[in-house]
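The structure under discussion appears below in the form of structure tokens.
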Amino acid sequence: MSFRFLEHTADARVECVGRTFAELLESAAAGLYAIALLERRDGVSDERHVRAAGDSREETLIRWLQELNFLLDTDHFVATVFHFTKASEWDVEVVASGYLCAPEERAEEVKSATYQQLAVCETKEGLIARVTLDL
Amino acid sequence: MGELTLNRIDETTWEIPRTGAMRVPGRIFASEKLLEPILRDKAAEQVANVACLPGVVGYAMAMPDAHWGYGFPIGGVAATDPDAGGVVSPGGVGYDINCGCRLMTTNLVYEDIKSKLRDMVNGLYRDIPCGVGSEGAIARLGASDLKRVLETGSRWAVQHGHGTEADLDTTEDGGCIPGADAGVVSERAMSRGTNQLGTLGSGNHFVELGVIERVFDPGIAEVYGLVEGNVTLMIHSGSRGLGYQICDDFLQVMLRAASKYHIALPDKQLCCAPVESPEGRQYLAAMAGAANYAWANRQIIMELARRSLQHTLRISPRDLGGRLLYDVCHNIAKFETHEVNGVRKRLCVHRKGATRAFPGSRDEVPPVYRSVGQPVLIPGDMGTGSYVCAGTQGALDKTFGSCCHGAGRMLSRTAASKGRNASDLLHELESRGIVVVARSKKTLVEESPEAYKDIDAVAEVVSKAGIGLLVARIRPVGVIKG
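Written out as structure tokens, the structure reads:
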């Protein structure tokens with residue numbers, strides 16, 4: 046799984062890839078944390094159940110990122126390992142293991158994942174998505 | 316939408332003629348130089364899209380500092396007529412509901428305190444919670460207290476010992492939009508707001524000590540209490556996670572509502588609902604709650620700053636003379652009466668990255684400013700300067716009484732960071748007499764002066780377009796960032 050950042054004047058635009066929808070979500074999460082944290086550690090000391098659903102894979106992707114961002118903002122929770130119990134493009138359920146980060150580990154404040162120029166497309170290798178995170 | 320046509324109306328006004336699904340023309344207020352980035356990042360196309368919204372009247376507009384945003388451009392202004400099925404769009408307000416700015420004047424003379432400047436800045440950094448993940452100076456708010464904050468705004472803060480009634484007199488709307496309803500705010504939003512009241516945030520939020528460097532209009536400056544050489548304090552912050560979550564929540568509502576009310580959207584991010592629909596009313600009630608939270612937030616931060624400066628300088632409140640000149644919001648939708656084709660109408664005015672700029676003839680302007688117009692605050696980047704302007708009849712005539720909100724971002728964060736490090740930037744600013752303390756070195760570099768448009772060029776357009784009267788320029792001398 047992998048991601049990279051694209052140019053955007055005011056916000057952060059992430060391009061992420063995955064062979065499957067689940068992998069795409071993990072890549073997108075990695076992109077979110079790359080913006081929000083100075084560095085994401087490997088720690089596993091806490092757990093959260095995460096659910097995201099939508100009418101399309103784009104909407105599900107956005108809801109996924111918004112859930113993770115909410116947990117980061119309110120609980121300071123950073124997910125590092127994802128165990129998908131459901132991973133369709135309309136409904137995702139995950140047991141996310143991770144850790145609680147300290148304020149000094151935070152980098153940017155991500156307001157939300159947005160629908161701005163959102164695209165999830167199929168490629169020969171799987172899926173590619175471009176998401177804008179409002180900073 | 317095909318390639319845009321732009322017609323030049325005058326030196327600082329460009330018109331996008333009404334075509335296709337546009338219900339009104341678009342107008343961009345910019346010099347030729349400032350127009351270039353607006354066209355390049357397609358903010359102009361967004362103006363044309365906004366002009367398609369149901370019930371939009373007059374012109375869909377972009378201010379001189381405009382750049383690409385979510386739905387509306389940042390620096391976008393548009394008014395809709397509720398009686399004509401006009402809509403309200405969260406994209407026309409923004410994620411950071413009532414992100415705004417306030418300016419406090421003081422009795423301090425820069426030359427007298429400059430030897431203590433670093434102590435003052437360090438003290439502010441110590442005393443004002445800033446940065447991502449920071450928690451507020453207010454102990455974790457209970458549900459009923461948070462509800463009261465949403466309903467009463469700045470007044471809640473004053474009633475809890477953060478400032479005085481006089482502060483409310485010079486806050487836009489007295490620091491409270493009526494009609495806020497905590498009942499339509501989700502639990503998620505409330506949970507995000509619980510421990511963030513009294514926090515600055517990060518990114519482009521700041522607290523800045525400045526010196527009034529130049530007065531352009533002595534008469535208005537006297538009314539505003541602006542004296543050359545005196546120290547000011549500016550605060551830029553908003554509704555924090557509470558506002559962001561409300562925006563998120565209602566974007567989902569509005570996406571469904573647009574379909575329900577058969578509203579054709581040129582851009583999904585302009586999702587909206589009629590103002591008078593249940594969805595529209597609920598959004599406005601929740602937005603008002605977030606706006607009031609933001610005002611309480613800035614009120615608390617200002618009081619923390621007053622106490623910090625008093626402590627560092629070992630002076631009394633009277634000696635500090637910290638007086639709130641004005642607090643303006645620049646991400647909001649408000650009901651205002653304006654003249655449209657000779658008829659006075661109650662409109663829903665969206666200002667996203669734009670500031671109200673009313674002349675003294677308006678009842679909304681505090682009595683103390685009725686002779687000259689409301690103060691309009693235009694902060695620039697941390698290395699250059701900010702402007703205080705006065706609202707004008709020209710703004711009322713041309714932009715529903717609106718003006719720009721700042722310098723507008725020009726470079727991406729990646730571009731701003733290229734070849735730059737925080738240490739060099741701090742030294743460079745210090746060599747220019749500006750002390751900066753920042754929690755995040757990464758954010759500091761991303762917010763470097765060259766990332767923003769030229770504030771002096773923006774102010775020049777404001778003046779030439781007649782949408783603001785230049786009163787004073789402020790030079791930054793001390794900045795804290797999250």
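If you read the sequences in order, they're chains A and B.
If you count by our numbering, then the first sequence holds residues 46 to 180, one letter each, in order.
If you count by our numbering, then the second sequence holds residues 316 to 797, one letter each, in order.
Beta carbons: idealized from backbone N, C-alpha and C, even for Gly.
Please read these numbers as outputs of a predicted model, since none were measured by experiment.
Apply the 10 Å Cβ neighbour rule to residue i and answer buried if 16 or more other Cβ atoms are within range, or exposed otherwise.
{"i": "PRO694/B", "result": "buried"}
{"i": "ARG747/B", "result": "exposed"}
{"i": "ASN519/B", "result": "buried"}
{"i": "THR130/A", "result": "exposed"}
{"i": "ASN413/B", "result": "buried"}
{"i": "ALA164/A", "result": "exposed"}
{"i": "LYS649/B", "result": "buried"}
{"i": "ILE324/B", "result": "exposed"}
{"i": "LYS667/B", "result": "buried"}
{"i": "CYS166/A", "result": "exposed"}
{"i": "THR652/B", "result": "exposed"}
{"i": "ALA481/B", "result": "exposed"}
{"i": "GLU14/A", "result": "The displayed coordinates of chain A run from 46 to 180. Any statement about residue 14/A would go beyond what the structure contains."}
{"i": "GLU487/B", "result": "buried"}
{"i": "PRO690/B", "result": "buried"}
{"i": "LYS348/B", "result": "exposed"}
{"i": "HIS626/B", "result": "exposed"}
{"i": "ASP769/B", "result": "buried"}
{"i": "LYS713/B", "result": "buried"}
{"i": "GLY734/B", "result": "exposed"}
{"i": "ASP427/B", "result": "exposed"}
{"i": "LYS575/B", "result": "exposed"}
{"i": "THR509/B", "result": "buried"}
{"i": "GLU765/B", "result": "exposed"}
{"i": "ALA458/B", "result": "exposed"}
Just to confirm my understanding: we take residue i, look at its own chain, exclude 5 residues before and 5 after, and list those with CB closer than 6 angstroms. What are they?
{"i": "ALA737/B", "result": "LYS756, LEU759 and VAL760"}
{"i": "ALA601/B", "result": "VAL499, VAL500 and ILE561"}
{"i": "ARG93/A", "result": "LEU116, PHE122 and ALA141"}
{"i": "VAL846/B", "result": "In the structure as shown, chain B begins at 316 and stops at 797. Residue 846/B is therefore absent and cannot be evaluated."}
{"i": "GLY556/B", "result": "ARG507 and GLN511"}
{"i": "GLN708/B", "result": "PRO674"}
{"i": "PHE387/B", "result": "VAL365, GLY406, GLY407 and LYS667"}
{"i": "ASP136/A", "result": "ALA98"}
{"i": "GLY489/B", "result": "LEU483"}
{"i": "GLU466/B", "result": "ALA495"}
Who are the near neighbours of residue i in its chain, counting only those whose CB is closer than 7 angstroms to its CB and skipping five residues on each side?
{"i": "ASP411/B", "result": "GLY553, SER554, GLY558, TYR559 and ASN646"}
{"i": "VAL655/B", "result": "VAL372 and GLY373"}
{"i": "CYS367/B", "result": "ALA336, MET337, ARG338 and PRO581"}
{"i": "PRO740/B", "result": "Checking the sequence shown, residue 740/B turns out to be Leu, not Pro. Cβ neighbours of LEU740/B beyond the five flanking positions: LEU759, VAL760 and SER763."}
{"i": "VAL798/B", "result": "With chain B running from 316 to 797 in the structure shown, residue 798/B is simply not present."}
{"i": "PHE531/B", "result": "LEU785, VAL786 and ALA787"}
{"i": "VAL542/B", "result": "ILE527"}
Within its chain, find whatever has a CB closer than 8 angstroms to the CB of residue i; leave out the 5 residues flanking it on each side and keep chain order.
{"i": "ASN422/B", "result": "ASN545, ASP634, LEU635 and GLY636"}
{"i": "ILE749/B", "result": "MET697, GLY698, PRO791, VAL792, GLY793 and VAL794"}
{"i": "GLY540/B", "result": "THR420, ARG638 and LEU640"}
The segment 78 to 87 of chain A touching the segment 334 to 345 of chain B, judged by at least three CB pairs closer than 8 angstroms = no
May I ask you to verify whether the segment 574 to 594 of chain B touches the segment 428 to 436 of chain B, counting CB pairs closer than 8 angstroms and requiring at least 3?
-> no
Determine which residues of the segment 110 to 129 of chain A have a Cβ less than 8 angstroms from any Cβ of chain B, and write them out in chain order.
-> Under the 8 angstroms Cβ criterion, the segment 110 to 129 of chain A contributes GLN111, PHE115, ASP118, THR119 and HIS121.
Residues, ordered as in the chain, of the segment 388 to 422 of chain B that lie near chain A by beta-carbon distance below 8 angstroms = ILE389, TYR410 and ASP411
Contact between the segment 123 to 139 of chain A and the segment 379 to 386 of chain B: three or more CB pairs below 8 angstroms?
-> no
Any 3 or more C-beta pairs closer than 8 angstroms across the segment 658 to 673 of chain B and the segment 494 to 512 of chain B = no
Would you check if there are 3 or more beta carbon pairs closer than 8 angstroms linking the segment 352 to 362 of chain B to the segment 638 to 651 of chain B?
-> no
What residues in the segment 440 to 473 of chain B bring their beta carbon closer than 9 angstroms to a beta carbon of chain A?
-> GLY446, VAL447, GLY448, SER449 and GLU450
Using a Cβ cut-off of 7 angstroms, which residues of the segment 144 to 158 of chain A contact any Cβ in chain B, in chain order?
-> PRO148, ARG151, ALA152, GLU153, GLU154, LYS156 and SER157
Can you check the segment 398 to 446 of chain B for any beta strand (DSSP E) of at least 3 residues that lies completely inside it and give the ranges in chain order?
-> 415 to 424
Compile a chain-ordered list of the residues in the segment 55 to 86 of chain A whose CB is closer than 8 angstroms to at least one CB of chain B.
-> ALA55, ALA57, ALA81 and LEU83
Cβ-based contacts, 7 angstroms cut-off: residues of the segment 495 to 506 of chain B near chain A = ARG503 and SER506
Give, in chain order, every residue of the segment 687 to 704 of chain B whose Cβ lies closer than 7 angstroms to some Cβ of chain A.
-> none
Pull out every residue of the segment 571 to 587 of chain B whose Cβ sits closer than 8 angstroms to any Cβ of chain A, in chain order.
-> Taken in chain order, the members of the segment 571 to 587 of chain B whose beta-carbon sits within less than 8 angstroms of a beta-carbon on chain A are LYS583 and GLN584.
If you measure beta-carbon to beta-carbon, which residues of the segment 372 to 388 of chain B are closer than 9 angstroms to chain A?
-> HIS382, TRP383, GLY384, TYR385 and GLY386
The segment 542 to 568 of chain B: positions lying closer than 8 angstroms to chain A by Cβ | GLY556, TYR559, GLN560, CYS562, ASP563 and LEU566
So, do the segment 69 to 81 of chain A and the segment 391 to 407 of chain B have three or more beta carbon pairs nearer to each other than 8 angstroms?
-> no
Complete alpha helix (DSSP H) runs within the segment 322 to 379 of chain B (minimum length 4 residues, chain order) | 347 to 355 and 358 to 365
Could I get the ranges of all uninterrupted alpha helix (DSSP H) runs contained in the segment 632 to 717 of chain B, with 4 residues as the minimum, in chain order?
-> 632 to 635 and 708 to 714
Going along the chain, which unbroken runs of the beta strand (DSSP E) with 3 or more residues stay wholly within the segment 63 to 144 of chain A?
-> 91 to 98 and 122 to 132
Could you say if the segment 565 to 574 of chain B and the segment 531 to 547 of chain B meet the contact criterion of at least three C-beta pairs nearer than 8 angstroms?
-> no
Contacting positions in the segment 355 to 367 of chain B - beta carbon closer than 8 angstroms to chain A | ASP356
If contact means a Cβ-Cβ distance below 7 angstroms, which residues of the segment 749 to 766 of chain B contact chain A?
-> Result list: SER755, LYS757 and THR758.
Would you list, in chain order, the members of the segment 723 to 747 of chain B that have their beta-carbon closer than 8 angstroms to a beta-carbon of chain A?
-> ARG724, MET725, LEU726, SER727, ARG728, THR729 and ALA730
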